[in-house]
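Worksheet for the structure shown next.
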Ligand code: AMP
Ligand code: MG
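In our numbering, the protein residues as written are 455 to 945.
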């Protein structure tokens, strides 16, 4: 049932998740905060949600801080489990509250979640709160991902709490309002499976299919069809990360969205200089979630989903396992298909040939050996084609002239002129990504009350594929030999 109050910003809540069996959630209210203050409000997202900006500017902070519950919302904390760095743990929303699902004017159902909204039954020893820096960080990076066309949760707002959170030092507290297709994770299925109640798991499966994979509703082999579909979306998503140099940093199974969105921006960051083993997270000592490991970790995470689904397949579990393994083994080729189409597009190629994969990987080897910036390399290649001359510095890079000759012979078999190849490249190779230095600069300023650098950075994301005078300061990455960039989990 949707309840809508005239005076509110246009919220239209309809809380279907809360109709699942009670084991999946705990009704929990956000803990009110002292002084709710708006830090960032995403007017584009608000508009897409059908919310009235003018009212949000007034009422928003109280709602986003959890001080007021909008009419129709049914706040809950969701239960889930997850493999964290390979170890299974029961988790749940320890510092987040799902206000409910909002129906957009075009009838999309989205979760509205407050992250950092206080303690819940799943908080364990945590304080349920979040610091301002990491919440602004999630806002910035999720906007950056959106600008690059990569499926992602969105950030509607960052709201200050007026309270401190105690980390290694006291930090200003904040709450992020996150909009997601849903917060159903691989870990939600693991949680249901660990309870060992087939009926719960079947209900979760039916609910998730209905919400995210409605075409499969009448499938005879639902668990397998669902698994195949989730696998496909994950392969697509992770290939997109690999094509822009994104390192998620904490690909635990509780951070894998079944809807196929990038979720939970903690220690994530983008590559500057290309190196396949890049790790940014201060806690990822083994490099489990290093850049090059992301596809294989995705397959590992999908294996955990398959294990959970075995319970709902009728008949002999061994047969079910065999069938899941068969599907799981298609992951590398499924991923490779998405990746190669994307890699070819980055090189201006519209068709696929057998040698293309080697052309791309040889370019990566050149980047690695000469410590080239991942993003700039593609931009420079496209510019060189457009202007019919390669940047003189660039042409000195070991092996690059020979590689360019090979690539030129390849794109000679493509439709259109050389300039057309360059133009195609310019539509898919970003000039602007959330550069680590710029993100840090924005966060340091924001923490001392200056949001100007954050706003300028967000502005630069608006034209990620064009070189403009305004976005020039946002184009350059860190130089080779710079201090390695290090990120911390967003707690
Ligand atoms: P994350 O690293 O944000 O994916 O969180 C992993 C798990 O730790 C989730 O169950 C969170 O709810 C929980 N968690 C993270 N930070 C806190 C906190 N400050 N208080 C309580 N729970 C937390
Ligand atoms: Mg998480």
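We put the beta carbon where it would ideally sit given N, CA and C, even for glycine.
- Here residue 575 is near residue 482, since their CB atoms are less than 8 Å apart.
- Relative to residue 753, the option among 500, 880 and 710 whose CA is nearest is 710.
- With a threshold of 16 other beta carbon atoms within 10 Å, residue 570 meets it and is buried.
- Counting C-beta pairs with one atom in each stretch, the region 598-612 and the region 629-638 have three or more that are closer than 8 Å, which means they touch.
- One residue list follows from the rule of a beta carbon closer than 6 Å to any heavy atom of the ligand MG, given in chain order as 708, 709 and 718.
- With respect to the C-alpha of residue 699, the residue from 786, 783, 651 and 797 having the closest C-alpha is 797.
- Here residue 879 has 802 and 836 as same chain residues with Cβ atoms under 6 Å from its own Cβ, once five neighbours each way along the sequence are excluded.
- With a cutoff of 8 Å on beta-carbon distance, residue 712 and residue 684 are scored as near each other.
- Where residue 608 is concerned, the enclosing beta strand (DSSP E) starts and stops at 608-620.
- Residue 594 places its beta carbon less than 8 Å from that of residue 896.
- The beta carbon of residue 553 is closer than 6 Å to those of 527, 529 and 566 in its chain, skipping five residues each way along the sequence.
- Secondary structure remark: continuous alpha helix (DSSP H) runs of at least 4 residues inside the region 649-727, in chain order: 652-666 and 676-698.
- Apart from the 5 residues on each side of it in sequence, residue 496 sits with its Cβ closer than 8 Å to the Cβ of 593, 597, 608, 609, 610 and 611 in its chain, given in chain order.
- Each residue's CA atom was taken as its position, placing residue 561 and residue 467 some 11 Å apart.
- A direct Cα-to-Cα measurement between residue 498 and residue 505 gives close to 10 Å.
- Residue 565: member of the beta strand (DSSP E) spanning 563-569, first to last residue.
- Counting the other CB atoms within 10 Å of its CB gives residue 788 a total of 16 or more, which places it among the buried residues.
- In terms of Cα proximity to residue 749, the closest of 735, 792 and 667 is 792.
- Relative to the non-hydrogen atoms of the ligand AMP, the Cβ of residue 576 comes within a distance shorter than 7 Å of at least one.
- Its chain contains 497 and 500 as the residues whose beta carbon lies nearer than 6 Å to that of residue 507, once the 5 sequence neighbours on both sides are disregarded; these appear in chain order.
- By DSSP's assignment, residue 583 forms a beta bridge with 571.
- Looking only at 585, 647, 606 and 616, the smallest Cα-Cα distance to residue 622 is reached by 585.
- Annotation: the region 734-788 contains the following complete segments of the alpha helix (DSSP H) (minimum length 4 residues), in chain order: 748-763 and 771-782.
- Excluding its 5 nearest sequence neighbours in each direction, residue 734 has C-beta neighbours in its own chain below 7 Å: 701, 703, 721, 723, 939, 940 and 941, listed in chain order.
- Counting C-beta pairs closer than 8 Å gives fewer than three between the region 676-683 and the region 739-749, which falls short of the contact rule.
- Minimum Cα-Cα distance from residue 886 among the listed residues 540, 602 and 810 corresponds to 602.
- In the DSSP assignment, residue 491 falls outside any alpha helix (DSSP H) and lies within the beta strand (DSSP E) extending over 491-495.
- Cβ neighbours of residue 671 within its own chain (closer than 7 Å, five residues either side excluded): 663 and 664.
- Secondary structure of residue 925 (DSSP, three-state): coil.
- For residue 486, the CB contacts under 7 Å within the same chain, skipping 5 residues up- and downstream, are 520 and 521 in chain order.
- Annotation: residue 863 is outside any beta strand (DSSP E); the continuous alpha helix (DSSP H) that includes it extends over 854-865.
- A Cβ-Cβ contact shorter than 8 Å links residue 766 with residue 659.
- Taking residue 472 as reference, the option from 484, 614, 512 and 533 with the minimal CA-CA separation is 533.
- In the structure shown, residue 731 falls within a coil segment according to DSSP collapsed to helix, strand and coil.
- Residue side-chain check: residue 550 places its Cβ nearer than 7 Å to a non-hydrogen atom of the ligand AMP.
- The C-beta distance from residue 782 to residue 688 rounds to 11 Å, too long to fall under 8 Å, and the pair is not in contact.
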